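Protein chains: 2
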Amino acid sequence: MTTDTHIRDLINRLARLDSAAGWEGDLNPTQRAMLGYLDRANRFSRSPSHVSDYLGITRGTTTQSLKSLRQKGYVNERRSDIDKRVVSYDLTQTGREAAAIPAPLEESLSALNASDQQALRQLLQNMLQDILAKNDGREFGLCKTCRHHRERDRGPYCALLDVALTRDEPHQICHEQVSA
Amino acid sequence: MTTDTHIRDLINRLARLDSAAGWEGDLNPTQRAMLGYLDRANRFSRSPSHVSDYLGITRGTTTQSLKSLRQKGYVNERRSDIDKRVVSYDLTQTGREAAAIPAPLEESLSALNASDQQALRQLLQNMLQDILAKNDGREFGLCKTCRHHRERDRGPYCALLDVALTRDEPHQICHEQVSA
DNA sequence: CACTATTAGTATCGAGTCGAAACTATTGCA
DNA sequence: TGCAATAGTTTCGACTCGATACTAATAGTG
């Protein structure tokens, strides 16, 4: 059906234009995407494996890209004390600044009215969930939308990992997130 | 605004998943995108420049990719007689077959009902037009939606190039297309 | 009609993406 | 304790991609 191809093309073209604009400075589109993910992911979701799952690439590739991001001073590596296999990445100050520059796609997005934005988000989200379900991929939704998220007296809390959360963590991406 | 980032992420993730699935056989995602474009573009729109404009990459890159597509037997090169600088690419039989395999994104798309599809297409199209307008990029719409397209007694006709069109050309992509 | 500017396309370079496959180190489990 | 699973890394080869410098053909101007 020609109709289908069309929407697919639109999505790919939009992403491509977003990418093309993403060559700003010494970052390429993939590096920018990683930076963006690390910026929005919580402390449980910042390992090479998580980045790989989110971007849909292999861990080998991710290792390479994270290495070049580290060499350019955008991220710091940190090994876990609990599980010595695990590595986690933090954005440096430079990294946070770079993650903050807006893309042309965002400007165009803010031109849409609120209800259109809502509709668009909903439709895209449904598609994404559908595809992820078929590929047993994870959703990487926001912590606060998860079935394990609780609001307690002393603040937010994760019932899956059994840990107290800081005030901003519910708004971050979690690799364990499962929609309620 | 977190809201904006979200939609942008959705679009990029969908495109990325589409890409990741696009490694089938001996084609990579970019090669697959080029093949798809060449398959849907009319005879006036199949040069390296047009591919570059459509994909938002430089001509140098496009030349390289077309070269590898040709070596693998997916496309044929043809120099124009009128303007000897111009080259045009045709899909081979193998190329047409490869362009026909559907992506997971398409299946997920057909799960949406017709009105949702229409709504989604419209919203994405508006965004695309908006972004293209800001970057003086071309729309690459279908011939039949163009202001130069005419329906004559002897069949479809292009008033811009002053040529008669075959029956299927109005349904193809044209680099000269300008929405009516 | 000659001269210059523009346009179409190509080659080369360096950095980096990407999957595949082979590998190390750690942890989990029976 | 010993083997399987997991997290991450390395290496390889093919390729993308922008930048830059290039050739050839056409267009436009005086």
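As they're listed, the protein sequences go chains G and F.
One point on numbering: in our numbering, the residue at position 172 of the first sequence is 174, and numbering is uninterrupted.
One point on numbering: in our numbering, the residue at position 172 of the second sequence is 174, and numbering is uninterrupted.
Every residue, glycine too, gets a C-beta built ideally from N, C-alpha and C.
Remember, it's a predicted structure, so these values are computed and weren't measured experimentally.
{"Item": "Through-space distance from P31 (chain F) to D164 (chain G), alpha-carbon basis", "Value": "41 angstroms"}
{"Item": "T147 (chain F) versus S47 (chain G) - alpha carbon distance", "Value": "46 angstroms"}
{"Item": "Reduced DSSP category for V53 (chain G) - H, G, I as helix; E, B as strand; rest coil", "Value": "helix"}
{"Item": "Chain-ordered neighbours of I133 (chain F) on chain G, where CB pairs are closer than 7 angstroms", "Value": "L19, P106, L107 and S110"}
{"Item": "Beta strand (DSSP E) segment containing Y159 (chain G), residue limits", "Value": "G157 to C160"}
{"Item": "Top-ranked residue by Cα proximity to A100 (chain F), from F:M36, F:N137 and F:T64", "Value": "F:M36"}
{"Item": "S51 (chain G) and T63 (chain G) closer than 9 angstroms at C-beta", "Value": "no"}
{"Item": "Length of the line joining the Cα atoms of N44 (chain F) and V89 (chain F)", "Value": "14 angstroms"}
{"Item": "Segment contact, 8 angstroms Cβ cut-off, at least three pairs: the segment 10-20 of chain F with the segment 17-31 of chain G", "Value": "yes"}
{"Item": "Residue of F:Q66, F:L12 and F:N137 minimising C-alpha distance to L57 (chain G)", "Value": "F:L12"}
{"Item": "Whole-angstrom distance between A23 (chain F) and M3 (chain G), CA atom to CA atom", "Value": "In this prediction, M3 (chain G) has a pLDDT of 43, which is less than 50 and means its spatial position is unreliable; what the coordinates show is noted afterwards. So the alpha carbons of these two residues sit roughly 19 angstroms apart."}
{"Item": "Per-residue contacts from L167 (chain G) into chain F (C-beta, under 9 angstroms)", "Value": "Correct list: empty, because the minimum Cβ distance to chain F is about 17 angstroms."}
{"Item": "Members of the segment 29-50 of chain G that neighbour chain F once the beta carbon cut-off is set at 8 angstroms", "Value": "A35, G38 and R42"}
{"Item": "Contact with chain F by Q179 (chain G), beta-carbon distance below 9 angstroms", "Value": "no"}
{"Item": "Residue-level contact to chain G via CB, Q119 (chain F), 9 angstroms cutoff", "Value": "yes"}
{"Item": "Contacts of I9 (chain F) in chain G (Cβ-Cβ under 8 angstroms)", "Value": "L111, Q119, L122, R123 and L126"}
{"Item": "Neighbourhood of I59 (chain G) by C-beta, 7 angstroms cutoff - its chain only, sequence neighbours within 5 removed", "Value": "none"}
{"Item": "The segment 113-126 of chain F in contact with the segment 119-128 of chain G per 3-pair CB rule at 8 angstroms", "Value": "yes"}
{"Item": "Backbone CA spacing between L40 (chain F) and L107 (chain G) [nearest angstrom]", "Value": "26 angstroms"}
{"Item": "Straight-line gap, S171 (chain F) to N78 (chain F) (C-alpha atoms, nearest Å)", "Value": "What sits at residue 171 (chain F) in the sequence shown is Glu, not Ser. Going by the C-alpha atoms only, they are around 20 angstroms apart."}
{"Item": "Opening and closing residue of the alpha helix (DSSP H) in which L134 (chain F) lies", "Value": "A116 to K136"}
{"Item": "Short CB-CB distance (under 9 angstroms) between A22 (chain G) and chain F", "Value": "yes"}
{"Item": "Minimum Cβ-Cβ distance from N137 (chain G) to chain F less than 9 angstroms", "Value": "yes"}
{"Item": "Chain F residues whose Cβ lies nearer than 7 angstroms to that of R15 (chain G)", "Value": "L130"}
{"Item": "DSSP state of H173 (chain F) mapped onto helix, strand, coil", "Value": "helix"}
{"Item": "Chain G contacts made by the segment 84-103 of chain F, where a contact means CB separation under 7 angstroms", "Value": "none"}
{"Item": "Bridge-paired residues (DSSP) for C148 (chain F)", "Value": "F:S181"}
{"Item": "Close-in-space but distant-in-sequence residues of the same chain around L162 (chain F) (CB under 7 angstroms, 5 per side omitted)", "Value": "H150 and E178"}
{"Item": "4 or more residues per run - each alpha helix (DSSP H) lying fully within the segment 37-88 of chain F", "Value": "50-57 and 61-73"}
{"Item": "Distance between G157 (chain F) and A105 (chain G) (C-alpha atoms, nearest Å)", "Value": "44 angstroms"}
{"Item": "Residues near R80 (chain F) in its chain [Cβ-Cβ closer than 6 angstroms; skip 5 each side]", "Value": "S90"}
{"Item": "DSSP state of T93 (chain G) mapped onto helix, strand, coil", "Value": "Reading off the sequence shown, one finds Leu at residue 93 (chain G), where the question assumed Thr. L93 (chain G): strand per DSSP, three-state reduction."}
{"Item": "R10 (chain F) in three-state terms, based on DSSP", "Value": "helix"}
{"Item": "Under 7 angstroms from the C-beta of G58 (chain G): neighbouring residues of chain F", "Value": "R18, L19 and A22"}
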